[in-house]
Each structure stands twice: as structure tokens, then as C-alpha cells.
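S.K.:
In UniProt numbering, the protein residues as written are 1 to 142.
1) Roughly how many whole angstroms lie between the Cα atoms of residue 54 and residue 2?
2) To which residues of the same chain is residue 93 closer than 7 Å at the C-beta, ignoring the five residues directly before and after it?
3) Starting from residue 92 and walking both ways along the alpha helix (DSSP H), at which residues does that stretch end?
4) Taking the C-alpha atoms as reference points, what is the distance between residue 46 and residue 121?
5) Is residue 95 buried or exposed, if buried means 16 or more other CB atoms sit within 10 Å of its CB?
6) Take residue 12 and list the residues in its own chain whose beta-carbon comes closer than 6 Å to its own, dropping the five residues that flank it on each side.
7) By the 10 Å Cβ neighbour count, where 16 or more other Cβ atoms means buried, how is residue 42 classified, buried or exposed?
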């Protein structure tokens, strides 16, 4: 059973590695547009000079942490927190704004805000499940 749960954690880690690498590369490929979209956000416009760089770097760092067993817990915590922040932001946008462009990039940019919220909630749950499993099964047996 431990091997199955370890594989589940690995699969979820690979999912987040793919997601964060894809999202960051999409943002880098159209970085100017990403910066403009951040600057158009009522919540993020004050941080438009710094935030686009920080998001891309953070996504790549978390993806890197998820690649190695020794740093996977930190990567999962980072994934959980980052996805929680993104989910909270999307919820805020849905409640307060209309017709704002999504600054996610790639395929994710094609989702509606509600679809994106559901996707992100699923990602938060996946990260929580993987983190709980990894913490439980990565401890040495006494």
C-alpha cells in the first residue's frame, strides 16, 4: 500500500511540474502581454513591475523542488500555497470585476473564470492530498 501511495505522490508531483513549467514558459513567451494583464488587475496593478517576474521564478523554483524526493515536501507546500493564492485571486476577480483578461497563459488562458476556479480548487485539493501522503509516508519507521 505504501508503494501505491508513493506513486500517487509522484504522479501529482509530475502533474504540478508540468503545470508550473507550462504556465511559466507560456508567460515568458508572451511576457509583455503578461505584464500588461497584471497591470490591468485592480488588485495587482500596484505590483505590476515586480509580480510578473516573481510569479514566473516562483513557478519554476517550485517545479524544481518537486523533481527531487528530498525537496518534494517543500515543493508540495509551495504548490499548495501558490495554488491557494491563485484560487483566492480568481475568486476575488469573479466577485468584484468583469471582463478582465486571464494572465495565466497558454491553454489555461482559454478557460472562463469559473472554469479556472474549479480547476484551481482541484489543484489545491491534489496538492493537499499529495502533501498529506508524502508527509505520512516519507518519515522513517521507528
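Using N, Cα and C, we set each Cβ at its ideal position, and we do this for glycine too.
M.R.: For this structure:
1) As a working mapping, residue 54 is identified with position 54 in the chain shown. As a working mapping, residue 2 is identified with position 2 in the chain shown. Roughly 36 Å between the two C-alpha positions.
2) Taking the first residue of the chain shown as 1, we reach residue 93 at position 93. These residues qualify, in order along the chain: 100 and 113.
3) Mapped onto the chain shown, residue 92 falls at position 92. 72-96 is the span of the alpha helix (DSSP H), which, as asked, contains residue 92.
4) By 1-based counting over the chain shown, the position of residue 46 is 46. By 1-based counting over the chain shown, the position of residue 121 is 121. Roughly 26 Å separates the two Cα atoms.
5) Looking up residue 95 in the chain shown gives position 95. By the 10 Å Cβ count, residue 95 comes out exposed.
6) The residue you call residue 12 lines up with position 12 of the chain shown. 126 and 130.
7) As a position in the chain shown, residue 42 is number 42, starting the count at 1. Exposed, because fewer than 16 other Cβ atoms sit within 10 Å of the Cβ of residue 42.
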